[in-house]
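Participant: Numbering (our numbering), first residue to last: 4 to 436. No residue lacks a Cβ here, since even glycine has one placed at the ideal position from N, Cα and C. So that we are looking at the same thing, I have put the structure below in structure tokens.
The following block contains the structure:
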């Protein structure tokens with residue numbers, strides 16, 4: 004058994020504190036984050052947990068800083084950071100399956116797990132799961148997934164990149180790594196607002212292959228940190244700073260090293276920062292050999308992941324499509340309404356103008372008709388006066404001479420001829436003989 008740093012004492016104390024300060028819950032306080040290389044878990048180890056909702060999916064991209072090149076000036080991003088992609092799905096609340104791309108070379112491997120017992124199904128018993136990692140043809144992978152390289156070779160067809168096994172890793176046989184794991188979830192009493200709804204979990208498991216195979220490298224592969232061959236364990240503390248934000252504080256021993264990480268999750272989008280091989284301390288410079296440039300010193304890791312649900316995403320796509328259609332229709336209706344409002348405004352202006360013009364025309368016609376009525380009344384009055392004169396036997400008044408001519412006086416007495424004598428009425432009546 005390899006040497007054990009005092010970190011194990013701290014882990015034991017933390018585990019005891021969990022059982023004393025927390026209370027048991029039925030299942031699933033918070034979804035677990037993704038590991039550096041595979042699916043759901045802590046920093047690198049798996050947990051006995053499967054999403055209770057069917058068709059959950061986890062997509063992650065992580066990177067580990069490994070300055071492998073002897074010359075520090077020769078590093079670029081591709082040589083300094085070993086990156087990893089992983090895709091995992093959860094089905095029926097019992098099964099997980101996924102694929103992982105280990106590096107830029109690329110190497111790949113399948114993985115999965117089966118949940119046999121869910122926490123809370125049997126009182127006091129934890130969740131129990133079995134699983135497999137690194138299923139595929141890349142059997143010479145180490146725990147950092149750098150066992151296979153690409154080499155630029157001159158072939159008959161020209162230069163081409165071809166895969167090769169680094170001579171340091173020919174002793175590894177880690178394909179189809181099997182493991183069994185148990186996880187007990189605990190919930191905090193509401194001590195503070197920050198820890199309200201949070202909790203902790205404890206995980207213990209055993210595995211072969213990636214968890215115990217050192218490829219015959221011995222202490223050059225791992226100087227210290229192993230508790231027992233193939234044994235791994237870890238714990239997680241969760242807190243909720245806001246309603247939709249979760250913080251995960253992770254600590255583990257992956258069978259080789261002590262690792263820790265801090266992951267922040269907001270609505271399924273998570274960012275994590277991890278430190279692995281904490282017990283080894285900083286790297287010694289210059290490194291005496293290639294193995295010393297890879298193993299037995301503290302390393303920094305980063306990870307970015309997204310967790311969602313295929314069914315919800317598909318429904319969301321359909322819903323977003325429908326929303327887009329409705330939004331476009333609403334925009335079209337708003338434009339049509341605005342156009343019709345402009346038309347109504349124009350019609351109202353025209354109507355007001357027409358009404359104003361009609362009123363003016365009506366007023367003019369009214370004045371004309373009133374003038375005609377007055378004229379007719381005046382004519383009727385004149386005719387009535389003439390009629391009255393006739394009825395009284397009066398002569399009509401002399402005509403008015405044209406303007407500019409003197410008026411001729413009219414003798415009111417009847418005209419008498421000059422030689423005529425005035426008629427003398429007879430004295431008496433003389434009858435004819």
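(1) Do you know offhand how far residue 319's Cα is from residue 246's?
(2) Using three-state DSSP, classify residue 30 as helix, strand or coil.
(3) What beta strand (DSSP E) runs, 3 residues minimum, are completely inside the segment 104-164?
(4) For residue 40, which option in 313, 257, 186, 315 has the closest C-alpha, if you only look at C-alpha atoms?
(5) Touch check for the segment 300-311 and the segment 57-70: three-plus C-beta pairs under 8 Å?
(6) How close, in whole Å, do the beta carbons of residue 112 and residue 84 come, if the pair is a contact with beta carbons under 8 Å?
(7) Ordered along the chain, which non-local residues of its own chain (more than five positions away) have a Cβ less than 8 Å from that of residue 302?
(8) Helix, strand or coil for residue 182 per DSSP?
(9) What does the alpha-carbon distance come out to for the pair residue 226 and residue 145?
(10) Looking only at its chain, what residues have a beta carbon closer than 8 Å to the beta carbon of residue 212, apart from the 5 residues adjacent to it on each side?
(11) Tell me whether residue 292 is buried or exposed, calling it buried when 16 or more other Cβ atoms sit within 10 Å of its Cβ.
(12) Within the same chain, show all residues whose beta-carbon is closer than 6 Å to that of residue 46, passing over the 5 residues directly before and after it, in chain order.
(13) With residue 48 and residue 229 assumed to form a contact (beta carbons below 8 Å), what rounded beta-carbon distance in angstroms separates them?
(14) Considering only residues of the same chain and omitting the five flanking positions on each side of residue 221, which have a CB-CB separation below 6 Å?
(15) Around the Cβ of residue 21, are there at least 16 other Cβ atoms within 10 angstroms (buried) or fewer (exposed)?
(16) To the nearest angstrom, how far is it from the Cα of residue 238 to the Cα of residue 172?
(17) In chain order, what residues of the same chain lie with their CB nearer than 6 Å to the CB of residue 321, ignoring the 5 residues before and after it?
(18) With DSSP as the reference, label residue 91 as helix, strand or coil.
(19) Could you tell me the alpha carbon to alpha carbon distance between residue 134 and residue 335, rounded to whole angstroms?
(20) Return the first residue and the last residue of the beta strand (DSSP E) that residue 270 is part of.
(21) Between the C-alpha atoms of residue 33 and residue 130, what's the straight-line distance to the nearest angstrom?
(22) How many whole angstroms separate the CB atoms of residue 101 and residue 91, which I take to be in contact at a CB cut-off of 8 Å?
(23) Who pairs with residue 235 in a beta bridge, going by DSSP?
(24) What did DSSP end up calling residue 65 once you bin it into helix, strand or coil?
(25) Given this structure, state the Cα-to-Cα distance separating residue 395 from residue 377, to the nearest angstrom.
(26) Rounded to whole angstroms, what is the Cα-Cα separation between residue 119 and residue 97?
(27) Rounded to a whole number of angstroms, what is the C-alpha to C-alpha distance between residue 326 and residue 51?
(28) By Cβ distance, which residues of its chain are closer than 8 Å to residue 285, with the 5 residues on each side in sequence left out?
(29) Distance check for residue 140 and residue 224, CA to CA, integer angstroms please.
(30) First and last residue of the beta strand (DSSP E) that includes residue 248?
(31) Taking residue 105 as the reference, which of 150, 126, 125 has the closest Cα?
(32) According to DSSP, simplified to helix, strand and coil, what is residue 11?
(33) Can you name the residues that DSSP bridges to residue 387?
(34) Roughly how many angstroms lie between the CA atoms of residue 30 and residue 188, to the nearest whole one?
(35) Considering only the beta carbon of each residue, do residue 37 and residue 99 sit closer than 8 Å?
(36) Measure the alpha-carbon distance for residue 208 versus residue 330 and round it to whole angstroms.
Facilitator: In short:
(1) 22 Å
(2) Reliability of the predicted coordinates at residue 30 is poor, the pLDDT of 40 falling under 50, and the value obtained from them is presented with this limitation in mind. Looking at residue 30 - three-state DSSP - the assignment turns out to be coil, as it is neither helix nor strand.
(3) Counting only runs of 3 or more residues that sit fully inside the segment 104-164, the beta strand (DSSP E) segments are 111-120, 130-138, 151-158, in chain order.
(4) 257
(5) Flag = yes, the segment 300-311 and the segment 57-70 touch.
(6) About 20 Å separates the beta carbon of residue 112 from that of residue 84, a gap too long to meet the 8 Å contact definition.
(7) Excluding residues within five positions, the ones whose Cβ falls inside 8 Å are 67, 68, 69, 278, 279, 280.
(8) strand
(9) 15 Å
(10) The residues are 136, 137, 176, 177, 178, 179, 180, 181.
(11) exposed
(12) 253, 255, 262, 264, 277
(13) The pair is not a contact, with the Cβ atoms about 13 Å apart (cut-off 8 Å).
(14) none
(15) Interpretation of residue 21 is limited by its pLDDT of 38, a score under 50 that renders its predicted location unreliable; no figure is taken from the coordinates.
(16) 31 Å
(17) none
(18) Reduced to three states, the DSSP call for residue 91 is strand.
(19) 55 Å
(20) Element bounds for residue 270: n/a, residue is neither H nor E.
(21) 14 Å
(22) Confirmed, about 3 Å.
(23) 208
(24) strand
(25) 27 Å
(26) Rounded to the nearest whole angstrom, the C-alpha separation of residue 119 and residue 97 is 7 Å.
(27) 39 Å
(28) 300, 301
(29) The alpha-carbon atoms of residue 224 and residue 140 are separated by roughly 22 Å.
(30) 248-256
(31) 150
(32) With a pLDDT of only 40 at residue 11, under 50, the local geometry of the prediction cannot be trusted, and no value is derived from it.
(33) Residue 387 pairs with nothing; no bridge assigned.
(34) Because the pLDDT at residue 30 is just 40, under 50, the model does not fix this residue reliably, and the value given afterwards should be weighed accordingly. Whole-angstrom Cα-Cα distance: 7 Å.
(35) no
(36) 52 Å
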